[in-house]
Each structure stands twice: as C-alpha cells, then as structure tokens.
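What follows is a set of notes on a single structure, which appears directly below.
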Amino acid sequence: MTDTAEQGTQQSTRITDDERREQRFERRIGAFRSAERVLSHLDFLGSLRERLALLETAQDVYDLDERADLYGSGVVEALEKKTAALLGKEAAAFFPTGTMAQQVALRCWAGRTGDPTVALHAMAHPEVYERNAFSQVSGLRPVQLTREPRQPTAAEVRDFEEPFGALVLELPLRDAGFLLPSWDELVEVVEAARERDAVVHFDGARLWESTVHLGRPLDEIAGLADSVYVSFYKSLRGYGGAALAGPRTLVEEAKVWRHRYGGMLFQQFPTALSALVGLERELPRLPEYVTHARVVAAALREGFAAAGVPWARVHPEVPHTNEFQLWLPYDVDVLSEAAIRQAEETRTGLFAGAWDQKGPGLACTEVCVRAAGLEWTAEDVKEAVARFVAVLAEEVSR
C-alpha cells in the first residue's frame with residue numbers, strides 16, 4: 000500500500016471528537032439502563048416505555064374524562080392555578096420552556112420600568128446556555144453583577160455602577176454548585192434591589208428544592224420576588240414545561256407574548272399531566288432527598304479519602320439542595336470511562352452524569368439524590384466509591 004493510500008485509510012477510520020462523545024453517550028445509556036442499582040437515576044436515559052409509565056397515575060391528579068386541552072385550556076389551566084397557589088402568586092402561565100418564560104417575563108417588566116437592563120450573575124443560565132437570547136431576541140441588555148462562584152451579595156446589588164430595571168436571581172445557582180444564599184442574605188439582596196427601584200425576578204428552575212436550606216415554605220420564598228419562573232422537568236421529573244408566576248396583569252400580558260413567541264401549542268396535556276404528577280409525587284419528597292443528599296455527600300468525601308485519592312472535593316461540603324458537585328483530579332476521558340465500566344462490570348452505577356473538564360487534569364460531575372438514592376446507605380456509597388477508584392486506577396495505568 001502506498002503512503003497516500005495508507006493515509007487515506009487512516010483518515011476514513013479515524014473518528015471525530017463529536018463521534019467519540021456520541022459513542023460514549025450511547026455506552027453510558029446502555030450501562031446505566033442495565034445496571035441493577037443506580038445512585039442518580041437520570042430520567043432522560045430511560046426508554047419511551049419507562050417515560051410513558053409516568054402517566055399511569057395521572058387519573059389520581061386530574062379527571063381524565065375531561066375534554067382534552069386546546070391552546071392552553073383544561074388541564075393546562077388547572078396546572079397554572081395549582082402552581083400559582085403553591086407559589087403564593089395571583090396567577091401563573093404555562094410555557095413550553097424556561098428560556099421563553101424568562102424572556103417574556105423580563106420583556107414585560109422592561110415595558111413597565113422603562114429600563115431593558117437586566118442584572119444577573121455571570122454564571123446564570125441565560126448568560127451561559129441561551130445563546131444571548133436576552134439581547135438577540137428580546138431587546139434586553141444583560142449586565143453581570145459578579146463572576147465569583149457564589150450568589151451575588153447585597154453590596155454588589157446596591158453598589159453596582161449603572162442602573163438596571165430588573166434583578167434576576169437564580170435559586171439555586173446551578174453552575175456554582177447548586178448554591179443558595181441564607182434566608183437573611185436573600186432578604187438583604189432583594190431589599191437592595193428595591194432600594195434601586197428595580198423589580199426582582201427569581202430564576203427558580205429548581206426553587207422546589209430550596210425550602211430546606213432557606214428554612215421557609217415555597218410561598219414565603221416566592222413572595223420576596225415580583226415574579227418567579229419554575230421548571231416542571233428538573234426537580235419534579237416531568238416531560239418538560241415551565242411556569243411564570245406573578246401579578247395577574249403581568250401574567251395576562253405574558254400570555255400575549257407567549258403566543259407571539261410561538262409558545263401557544265395546540266395540545267400540551269402529556270406535559271401538563273406529567274407536571275401535575277410531579278407536584279403530587281415528587282414535591283413532597285424533596286426535603287427527604289435534600290436530607291439524604293447530605294448523607295451521600297459525606298460518604299463520598301469519606302470514601303475517596305479512604306481509597307487514597309490524592310484530592311477530591313464535594314461542593315458544597317454540605318449540599319444546599321439534593322444536587323451537588325463532585326470534583327476529582329483526573330481527565331474527563333478517564334473518569335467517564337471508569338464510571339461507565341463500573342456500571343457495566345459491577346451492575347452498580349455510581350456517577351450517571353456527564354463529566355466536565357474544569358482545567359488540566361481536573362473534572363467535575365453533578366450528583367443528584369432522588370428516590371433511587373434513598374436506598375443507598377453511607378456504607379453502600381463508600382463501597383461503591385472503593386470499586387470506582389479501583390476501576391479508575393486501571394484506566395490511569397493504561
């Protein structure tokens with residue numbers, strides 16, 4: 000074979016980074032679906048049959064003999080009323096995505112305040128994951144209060160160098176480790192925004208998880224803000240969807256913009272029903288998940304120390320919600336392969352989430368404790384960590 004022909008063969012068999020990631024993702028799905036025991040069960044890894052099973056109890060939360068919804072009627076309206084009541088707000092509007100819900104909310108507030116400037120954290124979801132939607136789609140102008148991996152402080156809000164019409168607080172701040180302020184800190188931040196005549200909007204995608212750390216019920220937490228967005232598929236494990244809750248006049252205007260943004264879907268009953276099921280089944284259990292997440296976090300920390308890993312970090316050390324980060328001093332490829340191999344070889348899945356590279360030889364994954372995690376004792380976690388470290392050592396030595 001000529002050199003040119005050999006090079007052509009090598010190029011044809013070489014896979015791209017995207018293809019490699021896709022292959023690993025498919026292996027991860029297969030490994031964790033076949034595992035007998037999984038600490039963090041990720042719903043999106045399930046089959047269609049498993050996801051459809053969520054609606055088997057739908058008759059317990061809504062009369063299925065009622066007429067199906069059309070353009071936001073029926074079961075969608077029922078979900079909106081229930082959400083508004085839980086959050087202590089006058090009204091709520093159902094949206095297909097949180098991205099749309101928050102853009103609409105802040106666009107409406109900008110019309111009222113006359114100021115399109117939105118102050119938020121540099122690590123907030125709209126700044127990191129939404130492709131500049133605030134500025135590119137909604138004519139808003141985001142400004143960043145801080146880039147530090149923590150919640151903004153009252154001083155940062157009060158002393159920010161330029162005016163803003165709205166303050167957005169992500170509760171919890173996911174990318175910083177699902178971090179929450181204390182209740183007193185949250186009150187101070189809100190008061191600082193009020194002193195500047197700014198409205199306050201809570202990006203509460205996971206607000207449902209926040210009651211234990213803040214020590215207050217949902218309606219009291221939401222009551223601090225002028226408007227609140229919540230998700231139905233993160234904490235509550237629904238199929239999707241979100242809600243914007245606030246004053247009735249704001250919500251009515253938001254529904255007009257929802258239509259303009261293309262969010263007035265013909266029928267949404269599967270998603271709405273799954274949200275109602277989540278509110279019935281998952282919401283009451285979230286405090287239990289948060290409490291046990293702290294047990295799991297401590298066991299992970301102790302397990303890695305006992306296994307001789309030179310450095311491991313659970314962040315925050317005491318989780319604020321039922322989700323937290325784990326940092327380890329290895330490359331993503333090594334950790335990803337070790338996590339998949341452990342599930343494949345031992346039928347026990349410890350880390351179902353993806354690993355993200357955070358620096359040279361440093362990676363992070365998110366750990367979520369829900370119903371499946373409640374079955375794990377601290378000793379179970381430590382034992383699984385020991386097995387994971389053994390597989391990890393094999394990967395490192397290759």
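So that you can map any letter, position 217 of the sequence shown is 216 in numbering that gives the first Met the number 0, and since no number is skipped, the others follow by simple counting.
Ideal Cβ placement from N, Cα and C applies to all residues, glycine included.
Cα atoms of I28 and Q150: separation of roughly 34 Å, rounded to the nearest angstrom.
Out of P328, G352, A342, D158, the CA that lies nearest to the CA of G360 is found in P328. Here G176 is near H319, since their CB atoms are less than 9 Å apart.
The segment 183-200 and the segment 162-175 touch, with no fewer than 3 CB-CB distances between them shorter than 8 Å. Excluding five sequence positions before and after W256, the CB atoms of its chain that fall closer than 7 Å to its own CB belong to V103, R106, C107, given in chain order.
In this structure L144 is not in contact with V186, their Cβ atoms being roughly 17 Å apart against a cut-off of 8 Å.
Annotation for A57: L63, L272, V276 place their beta carbon closer than 7 Å to its own, counting only its chain and skipping 5 residues before and after.
Residues of the same chain with a CB within less than 8 Å of the CB of R32, apart from the 5 flanking positions on each side, are L44, G45, S46 in chain order. V331 has its alpha-carbon roughly 36 Å from the corresponding atom of S137.
Beta-bridge analysis with DSSP links E322 to C367.
In the three-state scheme derived from DSSP, where H, G and I count as helix and E and B as strand, D42 is classed as helix. By the CB criterion at 9 Å, P171 and R205 fall inside the cutoff. Unbroken alpha helix (DSSP H) stretches of 4 residues or longer found wholly inside the segment 103-169: 124-128, 132-136, 153-157, given in chain order.
Spanning the alpha carbons of F387 and L217 requires a straight line of approximately 38 Å. Under the DSSP assignment, D17 falls in the alpha helix (DSSP H) whose first and last residues are 16-33.
For the pair V127 and R23, the Cα-to-Cα distance works out to about 24 Å.
Nearest Cα to A84 within the set T376, L278, D68: L278. Non-local C-beta neighbours of I339 in its own chain, meaning closer than 8 Å and more than five positions away in sequence, comprise R23, R26, R27, A30, ordered along the chain. Take R300, set aside five residues on each side of it, and the residues of its chain with a beta-carbon closer than 8 Å to its own are A311, V313, E316, in chain order.
For the alpha helix (DSSP H) assignment, the uninterrupted runs of no fewer than 4 residues enclosed by the segment 44-92 are, from N- to C-terminal side, 47-51, 74-86. Contact between A92 and A253 holds: their C-beta atoms lie close to 5 Å from each other, under 8 Å. F159 sits buried, since 16 or more C-beta atoms from the chains shown fall within 10 Å of its C-beta.
For S226, no alpha helix (DSSP H) encloses it; the enclosing beta strand (DSSP E) starts and ends at 226-230.
As a beta-bridge residue in DSSP terms, L361 pairs with G358.
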